[in-house]
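See structure below.
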Amino acid sequence: MTPGRVLAAGASALFAVLLVSGCGPTSHTAQPSVTSAPSQSSRTTTAGTVTSASENAGAGSAQGQSSEIAAIEQDVSQANSANSQVLTDLSAAAAAQAQNDSP
Amino acid sequence: MNRSVRFALAGVAVAACASVGLATPVWAAGSTSSTIGGRTLSEVKANAAAAISLRLSALDTAISAVNSNSWLTAGDKSTLLNTLDGDQSGLTALAPKIQADATIAVARSDSQSIYLTYRVFTLAIPQARLSAATDDITGGVLVRLNDAKSRLTALLSGSDSGKDTPAVQALMSDLANRIQSVTTATSGLSTSILALTPSEYDANYTVLASPRETLLNSRSNLIGARTDIETVVGDLK
Chain A
2 MTPGRVLAAG
12 ASALFAVLLV
22 SGCGPTSHTA
32 QPSVTSAPSQ
42 SSRTTTAGTV
52 TSASENAGAG
62 SAQGQSSEIA
72 AIEQDVSQAN
82 SANSQVLTDL
92 SAAAAAQAQN
102 DSP
Chain B
5 MNRSVRFALA
15 GVAVAACASV
25 GLATPVWAAG
35 STSSTIGGRT
45 LSEVKANAAA
55 AISLRLSALD
65 TAISAVNSNS
75 WLTAGDKSTL
85 LNTLDGDQSG
95 LTALAPKIQA
105 DATIAVARSD
115 SQSIYLTYRV
125 FTLAIPQARL
135 SAATDDITGG
145 VLVRLNDAKS
155 RLTALLSGSD
165 SGKDTPAVQA
175 LMSDLANRIQ
185 SVTTATSGLS
195 TSILALTPSE
205 YDANYTVLAS
215 PRETLLNSRS
225 NLIGARTDIE
235 TVVGDLK
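Just so you know, the protein sequences line up as chains A and B, in that order. So the first sequence is residues 2 to 104, counted in my numbering. So the second sequence is residues 5 to 241, counted in my numbering.
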């Protein structure tokens, strides 16, 4: 087996592991389309800009707590979407490497 | 990636193989054989056309994926598209040249560059997808999980301080450790992946193994971090 084929075999094995390890999209609770753009929450202006709960008016009230929980759940949903895209990209890389690329 | 560098390095790699006798081709320039490896000129051309077509199609898919990826940084997206578009242009130009080659030796030599110059399947596309996966994490997952962590921390030190039990504290500690671990692991990773050249791949066929392993581990950590958040949120409700 040529080095290229060894690599291809490794990539195929990796892809198989990904599929059976429970790391796939089905392990997530909510799966937005991996191709859709992540919706930008009104609470964030740019990626990484966080409005902390303490800055959020009403955070100390029951309504504020509920609002924060909803925001956290939205974060988790968007993180799931991005993490699904990670799997898609890793799988695509492995699939490409499984192709014969030698003369 | 600098295309001229990739082309030049690929040529060096071919020369190096020939100089050590690893793959001295029977179809070297000057050969007057009508067949090489039992293949006629028309068969060599047909194989080359198929190989190029397969790569152009794969590059199309990769370019679409890069364009639709919302988490790629502008800089990485530009670098990736430059590489992938360059490969498409190069292969597109190579196709008619091979079809016009008059001798089997030249056609076969040109066919070699389909593989050695571009390394579409073993480097270019994996580079694009692994870089994208890195940005999916740094620009997507980590941003959201850090935001969630900040909000949980504020709630647990404020209105929900009464629910900040040792079990919850352990989950928050695990969450922080996972986020920090992934942040450290993926720092600069995309840049290092994008810097790889075909010659580096030819010198080390497993050059992408370590980045891939890092990304797999990171993804696993992020799933654990998400579970931590969901568990704490369940305790706060």
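The beta-carbon is built from N, C-alpha and C at its ideal position, and this holds for glycine as well. This structure is a prediction, so every number in the text was calculated from the model and none was measured.
Shorter than 8 Å from the beta carbon of residue 98(A) to some beta carbon of chain B? Output row for residue 98(A): interface = yes.
Beta-ladder partner(s) of residue 40(B), from DSSP: In DSSP, residue 40(B) forms a bridge with 43(B).
Just to confirm my understanding: we take residue 229(B), look at its own chain, exclude 5 residues before and 5 after, and list those with CB closer than 7 Å. What are they? 149, 179, 182, 183, listed in sequence order.
Under 8 Å between the Cβ atoms of residue 220(B) and residue 211(B)? Contact annotation: residue 220(B) and residue 211(B) have beta-carbon atoms that are not nearer than 8 Å.
Looking at the C-beta of residue 72(A), does it have a partner C-beta in chain B at a distance below 8 Å? Cβ-Cβ to chain B under 8 Å: yes for residue 72(A).
DSSP-derived helix/strand/coil call for residue 194(B): In the structure shown, residue 194(B) sits in a helix (DSSP, three-state: H, G or I).
Counting C-beta neighbours from all protein chains within 10 Å, is the total for residue 241(B) 16 or more, i.e. buried, or is it exposed? It is exposed - the Cβ of residue 241(B) has fewer than 16 other Cβ atoms within 10 Å.
Pairwise C-alpha distance: residue 54(B) and residue 103(B): Going from the Cα of residue 103(B) to the Cα of residue 54(B) covers about 12 Å.
CB residue 56(B) to CB residue 98(B), shorter than 8 Å? Cβ atoms of residue 56(B) and residue 98(B): closer than 8 Å.
Is it the case that the Cβ atoms of residue 233(B) and residue 120(B) are separated by a distance below 8 Å? Result no, Cβ atoms of residue 233(B) and residue 120(B) do not sit closer than 8 Å.
Meets three-Cβ-pair contact criterion under 8 Å: the region 157 to 174 of chain B and the region 110 to 126 of chain B: With a cut-off of 8 Å, the region 110 to 126 of chain B and the region 157 to 174 of chain B do not count as touching, because too few Cβ pairs lie within range.
Terminal residues of the continuous alpha helix (DSSP H) containing residue 238(B)? Segment 213 to 240, the alpha helix (DSSP H) holding residue 238(B).
May I have the straight-line CA-CA distance separating residue 99(A) from residue 166(B), to the nearest angstrom? Approximately 54 Å, taken between the alpha carbons.
For residue 234(B), decide whether its Cβ has a neighbour in chain A, counting only Cβ atoms nearer than 8 Å. Residue 234(B) counts as touching chain A.
Counting only Cβ pairs nearer than 9 Å, list the residues of chain B close to residue 107(A). Outside the displayed range of chain A (2 to 104) lies residue 107(A), so it cannot be described from this structure.
Contacting positions in the region 69 to 98 of chain B - beta carbon closer than 9 Å to chain A: The residues in question are 69, 72, 73, 74, 75.
Would residue 94(A) pass as a contact of residue 129(B) if the rule is Cβ separation under 8 Å? Against a cut-off of 8 Å, the Cβ pair of residue 129(B) and residue 94(A) comes out as a contact.
Whole angstroms is fine: what's the gap from residue 158(B)'s alpha carbon to residue 87(B)'s? Approximately 44 Å between the Cα atoms of the pair.
Residue 173(B) at chain A interface by Cβ criterion, 8 Å: It does not; no Cβ of chain A falls within 8 Å.
According to the neighbour-count rule (16 or more other Cβ atoms, all chains shown, within 10 Å of its Cβ), is residue 192(B) buried or exposed? Residue 192(B) should be labelled exposed.
How is the alpha helix (DSSP H) around residue 70(A) delimited, first residue to last? Element bounds for residue 70(A): 63 to 98.
Residue 64(B): buried (16+ other C-beta within 10 angstroms of its C-beta) or exposed? Residue 64(B) should be labelled exposed.
Going by C-alpha distance, which of 58(B), 174(B), 144(B) is nearest residue 95(B)? Here the closest residue by C-alpha is 58(B).
With burial defined as no fewer than 16 other Cβ atoms inside 10 Å of the residue's Cβ, what is the status of residue 100(B): buried or exposed? Under this definition residue 100(B) is an exposed residue.
Is the beta carbon of residue 216(B) closer than 8 Å to that of residue 90(A)? No, these two residues do not count as a Cβ contact at 8 Å.
I need the DSSP call for residue 73(B), collapsed to helix, strand or coil. Looking at residue 73(B) - three-state DSSP - the assignment turns out to be coil, as it is neither helix nor strand.
Just to make sure I have the definition right: I need the residues of chain A whose C-beta is within less than 9 Å of the C-beta of residue 130(B). Which are they? The contact set of residue 130(B) on chain A, defined by CB atoms closer than 9 Å, consists of 12, 93, 94, 95, 97, 98 in chain order.
If we require 4 or more residues per run, which alpha helix (DSSP H) segments fall completely within the region 133 to 182 of chain B? Entirely contained in the region 133 to 182 of chain B, the alpha helix (DSSP H) runs reaching 4 residues are, in chain order, 146 to 161.
Can you tell me which of 135(B), 111(B), 85(B) puts its alpha carbon nearest to the alpha carbon of residue 43(B)? It is 111(B).
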